[in-house]
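Chains as they are written, first to last, in the working numbering: chain A, 12 to 263; chain B, 2 to 160.
Beta carbons: idealized from backbone N, C-alpha and C, even for Gly.
Source: prediction; values computed, not measured.
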């Protein structure tokens, strides 16, 4: 089960060309949805407006080399290590979900386009899916804010949950479908439905955060380098010995 | 000056939701980011602004007394035990202040609210705030005062 390509077995019922077309359509939907999101929310306009304002007000000019260094720091710390999270549990959950999703998607694409892909890709597909489930369910049941605090049910579903719920549904149903032996059936239908909602729902979900969050993190680092810091005061020149560690919120 | 949230800075951690004394900082149902649900009920206590680890919350001044272009921002650094304010005036004048967060020795006045039991449904539905009427004692001998407790007000900072 863990070493066989579930999409190769599916080729007996559904032509590989149809599966490949579906994958391409999903990619197109993500790109189109993200572009729509950028235009609709004006996030690119806001980003460049802020960028110009920060550059004009900055006490220090930031050179090309420094910008490159900031870009590398953003990529390594803020993107690859989810460094922007202030809550360690949320950060670990996000890292599990992020790396799991990347592995899962890449392995899916490889297995759909190459039926003879090695067993390692099937194993990566399972590993990625399980990582998404670990991070996602941990977040959904234990870390989400404003659920118990407001007396809501842990199963309450609002639009902000569209991304996480469709992601978890897609991955869980995908794994369940493969575990049940693959083929065309109810599980497969639900898996395709959840996957389509995940990728086609970009304009309504927070899927596109993976594109605009790095840009926002980069802009924040540049604002610290040119000393505008979003009008925040400079860091205090006091030793870190008077304070205490910040407590985590409880959300009871 | 109701608070507002920079959506690209907020990561939805909920520190502001926990600390808001008016219970008006919530998590948005569409974007899972913090949002002030009742700006007209915000009394600008700056609790959420100081508590936000991402510096994602700011206060917007009403145009009649705080003209456009001003800025009042704060950085509460718990590791250093300091609070810093940067005030920018519309004409470009800038003032910076740095103070200790408290004059009490660190670790002596932590309320440990997280250890308190979760509120029951009856408490959630009630108009009373946390620990009312227990601590204001309106039902038990009236409001607590220094005199009632046999204390006197002293001048200055003391331990």
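- Message: Between which residues of its own chain and residue 228/A is the CB-CB distance below 7 Å, once the five residues before and five after are set aside?
- Response: The beta carbon of residue 228/A sits closer than 7 Å to those of 85, 89, 95, all from its chain and outside the five residues before and after it, given in chain order.
- Should residue 238/A be flagged as near chain B, meaning a C-beta pair shorter than 8 Å? No, its Cβ sits nowhere closer than 8 Å to a Cβ of chain B.
- Check whether residue 47/B and residue 8/B have beta carbons under 8 Å apart: Contact flag unset, no.
- If you draw a straight line from the alpha carbon of residue 163/A to that of residue 55/A, how long is it in whole angstroms? Cα atoms of residue 163/A and residue 55/A: separation of roughly 35 Å, rounded to the nearest angstrom.
- Message: Checking the sheet assignment: what are the DSSP bridge partners for residue 95/B?
- Response: Paired residues: 89/B.
- Item | 8 Å CB neighbourhood of residue 101/B in its chain, flanking five on each side removed | Only 82, 83, 84 meet the Cβ criterion.
- Message: If you follow the alpha helix (DSSP H) that residue 175/A is in, where does it begin and where does it stop?
- Response: For residue 175/A, the enclosing alpha helix (DSSP H) starts and ends at 173-190.
- Query: For residue 70/B, which residues of its own chain have a beta-carbon under 6 Å away from its beta-carbon, when the five flanking residues on both sides are left out?
  - Reply: These residues qualify, in order along the chain: 91.
- Cutoff 8 Å: residue 55/B Cβ touching any chain C Cβ: The displayed structure is made up of protein chains A and B, and chain C is not among them.
- Item | residue 95/A at chain B interface by Cβ criterion, 8 Å | Against chain B, the CB of residue 95/A has a partner CB under 8 Å away; the residue lies at that interface.
- Item | Start-to-end residues for the alpha helix (DSSP H) that takes in residue 17/B | Boundaries of the alpha helix (DSSP H) around residue 17/B: 16-20.
- Task: Would you mind telling me which residues of chain B sit closer than 9 Å to residue 243/A, beta carbon to beta carbon, in chain order?
- Result: Neighbours of residue 243/A on chain B, chain order: 56, 74, 75, 76, 85, 87.
- Name the chain A residues whose beta carbon is nearer than 7 Å to that of residue 99/B? Contact of residue 99/B with chain A by beta-carbon distance below 7 Å involves 247.
- Roughly how many whole angstroms lie between the Cα atoms of residue 24/A and residue 195/A? When only Cα atoms are considered, residue 24/A and residue 195/A end up about 7 Å apart.
- Item | residue 12/B, buried or exposed, once every other Cβ within 10 Å from all chains shown has been counted against 16 | Counting Cβ neighbours within 10 Å, residue 12/B comes out buried, since at least 16 surround it.
- Sequence-distant residues of its chain with Cβ nearer than 8 Å to residue 28/B (five each side left out): If we look at residue 28/B and ignore the five residues flanking it on each side, its Cβ neighbours are 13, 15, 18, 34, 35, 36.
- Task: Taking C-beta pairs closer than 9 Å, name the residues in chain A that residue 50/B reaches, listed in chain order.
- Result: The contact set of residue 50/B on chain A, defined by CB atoms closer than 9 Å, is empty, because the minimum CB distance reaches about 11 Å.
- When we look at the beta-carbon of residue 160/B and count the other beta-carbons within 10 Å, is it buried (16 or more) or exposed? Per-residue confidence for residue 160/B stands at a pLDDT of 46, beneath the threshold of 50, marking its modelled position as unreliable; the derived number appears in the next sentence. The C-beta of residue 160/B has fewer than 16 other C-beta atoms within 10 Å across all chains shown, which makes the residue exposed.
- Message: Assuming residue 122/A and residue 136/A are in contact, meaning their beta carbons sit under 8 Å apart, how far apart are those beta carbons, in whole angstroms?
- Response: Sure, about 7 Å apart at Cβ, within 8 Å.
- Query: So with Cβ pairs under 8 Å, would you call residue 28/B a contact of chain A?
  - Reply: Using a Cβ-Cβ cut-off of 8 Å, residue 28/B counts as an interface residue toward chain A, since at least one Cβ of chain A sits closer than that to its own.
- Run down chain A in chain order and give the residues with a C-beta less than 8 Å from the C-beta of residue 94/B. Residues of chain A passing the Cβ test: none, with the nearest at roughly 13 Å.
- Any chain A beta carbon closer than 8 Å to residue 81/B: Cβ-Cβ to chain A under 8 Å: yes for residue 81/B.
- Is it buried or exposed for residue 263/A, if we count other Cβ within 10 angstroms and need 16 for buried? For residue 263/A, the predicted structure reports a pLDDT of 45, less than 50, and the residue's modelled location is therefore unreliable. A value from the coordinates is still provided. So residue 263/A counts as exposed.
- Query: Which word fits residue 139/A, buried or exposed, when buried means at least 16 other C-beta atoms lie within 10 angstroms of its C-beta?
  - Reply: Using a 10 angstroms sphere on the CB of residue 139/A, the tally of other CB atoms reaches 16 or more, which defines it as buried.
- Task: Decide if residue 182/A is buried, meaning its Cβ has at least 16 other Cβ atoms within 10 Å, or exposed.
- Result: Counting of Cβ neighbours within 10 angstroms places residue 182/A among the buried residues, the total reaching 16 or more.
- Item | Cβ of residue 56/A within 8 Å of any chain B Cβ | So, not an interface residue.
- With a CB to CB cut of under 6 Å and the five nearest residues on each side skipped, what residues in its chain are close to residue 49/A? Result list for residue 49/A: 55, in chain order.
- Kindly identify the DSSP beta-bridge partner or partners of residue 77/B. Beta-bridge partners of residue 77/B (DSSP): 84/B.
- Grab the span of the beta strand (DSSP E) containing residue 59/B for me, first residue to last. Its beta strand (DSSP E) spans residues 58-60.
- Message: In the DSSP output, what is residue 4/B paired with across the bridge?
- Response: Answer is 60/B.
- Message: Please classify residue 143/B as buried or exposed, where buried requires at least 16 other C-beta atoms within 10 Å of its C-beta.
- Response: The residue is exposed, with fewer than 16 neighbouring Cβ atoms inside 10 Å.
- Within the same chain, show all residues whose beta-carbon is closer than 7 Å to that of residue 49/B, passing over the 5 residues directly before and after it, in chain order. Within its own chain, the residues whose Cβ lies closer than 7 Å to the Cβ of residue 49/B, once the five positions on either side in sequence are excluded, are 4, 17, 20, 21, 26, 58, listed in chain order.
- Query: Are the C-beta of residue 36/B and some C-beta of chain A separated by less than 8 Å?
  - Reply: No, residue 36/B does not count as interfacial toward chain A.
- Name the residue from 23/B, 152/B, 135/B whose alpha carbon lies nearest to the alpha carbon of residue 44/B. Nearest option by C-alpha distance: 23/B.
- State the start and end residues of the unbroken alpha helix (DSSP H) segment that holds residue 90/A. Residue 90/A -> no alpha helix (DSSP H), and no H or E assigned at all.
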